[in-house]
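A short write-up of the structure that comes next.
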């Protein structure tokens, strides 16, 4: 096409210029412009037409994209930190924090800021409480993860007696004084002979409040850290953990709960079944949430439908009202045969017969050298004695 145009222009320009010399310059510029106008079509490749640009005008503020939640786990501790610094913390470091290091569980802790505990038949001889030792939990986590930039978060909260009274005092008075139609206490478990009025009621409410408080702190932390806690453990802060505990294990050798298809279980110890162990739970977020947050609301129906005289008996209440609600969600309740922990007391003693009871025992603990386990964890010797007919204790010097 370029060649034909050029020949035509050449012939025409030659004829004109031979006869009309005065038009030579003008004709040259006109011919050049005509050639240039055809040139792009002759030498450029064919280009597909582009779609028209559509301008969309938005009104209002655009919605933010939802923040992606990171799947994770949480270790939640509750209660009165008896002998925490010497007896409890070394066991947490060895058998919980180190065992769950790769799981990178965040840590939440609620405790009661009290300086002393009075003697009570159900909780020991009483003694001083070193609440400042709780802060050593932060140091322990830093030591375990060293310079790792992905260290778990540690959150510690507390209530003193006045704060607790403001939050639960009115409810506790109701539990102390309300009577059934027969004139006997509705909430106090008077059929359980080891319970002491009103101290046992007060201690139950304090424990339930601590459990509920640390759960709420965990939920605040999840929102703040953009975490999706799928596995949660509720752990006492006044016990020595003498066997390794992995939040994803249902026994020493069985691992579960790391994906959506294998998560719907909660685990409890396999001893102290009265009729079920009420001292800890771990596993599915939804299941542990019921155990942690629905006690106060489910108690009202329980005391009206369960055998009179057992009211707030913790193990019977959980077995009758809490665990059925968990199972109703399709969540399996599993007894972990390898879990064992001993209750630490404010006077520096530890009850080493806890994991071998007439109502079940942790695997191997009927013949285990439990004194050796304790002394190994704290690095000092303890003296064995009987606390009562059913309970053997070790007293470890200067334990706080």
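Numbering (our numbering), first residue to last: 564 to 963. Don't be surprised by glycine CBs; every beta carbon is placed ideally from N, CA and C.
If you reduce the DSSP assignment to three classes, tell me which class residue 681 lands in.
In the structure shown, residue 681 sits in coil (DSSP, three-state: anything other than H, G, I, E or B).
Under the three-state reduction of DSSP, which class applies to residue 752: helix, strand or coil?
coil
Validate contact between the segment 695-708 and the segment 724-743 using beta carbons, cut 8 Å, 3 pairs:
Of all C-beta pairs linking the segment 695-708 to the segment 724-743, fewer than three are shorter than 8 Å, placing the two stretches out of contact.
Per DSSP, what kind of secondary structure is residue 726 in: helix, strand or coil?
helix
Beta-carbon proximity list for residue 891, same chain, < 7 Å, skipping 5 on both sides:
none
Short of 6 Å in beta carbon distance, which residues of its chain neighbour residue 919, apart from the five on each side in sequence? Order them along the chain.
928, 929
Could you please give me the residues that DSSP links to residue 957 through a beta bridge?
913, 947
Once DSSP output is grouped into helix, strand and coil, what is the label at residue 742?
strand
Counterpart residues of residue 832 in DSSP-defined beta bridges
899
List the whole-angstrom C-beta distance separating residue 784 from residue 671, where the pair is believed to meet the contact cut-off of C-beta under 8 Å.
Yes, residue 784 and residue 671 are in contact; Cβ-Cβ is about 6 Å, under 8 Å.
Segment contact, 8 Å Cβ cut-off, at least three pairs: the segment 776-790 with the segment 909-926:
no
Quick one: what's residue 803 bridged to in DSSP?
905
Count the other CB atoms, across all protein chains shown, that sit within 10 Å of the CB of residue 619; report buried if there are 16 or more and exposed otherwise.
Any reading at residue 619 must be qualified, since the residue scores a pLDDT of 33, below 50, and its modelled position is unreliable; no value is offered.
Taking just the CA atoms, how far does residue 778 sit from residue 662?
22 Å
Less than 8 Å between the CB atoms is what I'm expecting for residue 904 and residue 802, so what's the real figure, rounded?
4 Å
Based on DSSP bridge pairs, tell me the residues matched to residue 634.
791
Using only CA atoms, which one of 690, 683, 936, 651 lies nearest to residue 762?
683
Pull up the DSSP beta-bridge partners for residue 797, would you.
When DSSP reads this structure, residue 797 sits in a beta bridge with 639, 844.
Do you know whose CA, among 936, 657, 758, lies nearest residue 877's CA?
758
If we ignore side chains and look at the alpha-carbon of each, how far apart do residue 800 and residue 652 end up?
9 Å
Return the residue from the list 899, 749, 807, 754 that minimises the CA-CA distance to residue 940.
For residue 940, the nearest C-alpha among the options comes from 807.
What residue from 844, 863, 902, 650 has the CA that sits closest to residue 886's CA?
Distances from the alpha-carbon of residue 886 to those of 844, 863, 902, 650 put 844 closest.
Quick one: what's residue 719 bridged to in DSSP?
672
Per-residue burial, residue 813 [other beta carbons within 10 Å of its own, 16 or more giving buried]:
buried
If you compare alpha carbons, which of 895, 934, 908 is closest to residue 691?
The candidate whose alpha carbon is nearest that of residue 691 is 908.
Which residue from 923, 678, 902, 888 puts its Cα closest to that of residue 862?
888
Please return the same chain residues whose Cβ sits closer than 7 Å to the Cβ of residue 856, not counting the five positions on each side in sequence.
775, 778
Mind checking residue 711: buried by the 16 CB within 10 Å criterion, or exposed?
exposed
My guess is that residue 771 and residue 640 are in contact by the Cβ rule of under 8 Å, so how many angstroms apart are they, rounded?
15 Å between Cβ atoms; not a contact.
With DSSP as the reference, identify every bridge partner of residue 818, one or two as the case may be.
812
According to DSSP, is residue 689 helix, strand or coil?
Here residue 689 sits in coil by DSSP.
Whole-number beta carbon distance between residue 721 and residue 676, since they are thought to touch under 8 Å:
Their Cβ separation, rounded to whole angstroms, is 4 Å, which keeps residue 676 and residue 721 in contact under 8 Å.
Hey, residue 838 and residue 902 are a contact pair by Cβ (cut 8 Å); roughly how many whole angstroms apart?
In fact, because the Cβ distance is near 17 Å, the residues do not count as touching under 8 Å.
Rounded straight-line distance, which links the Cα of residue 734 to that of residue 753:
Each residue's alpha carbon lies about 19 Å from the other.
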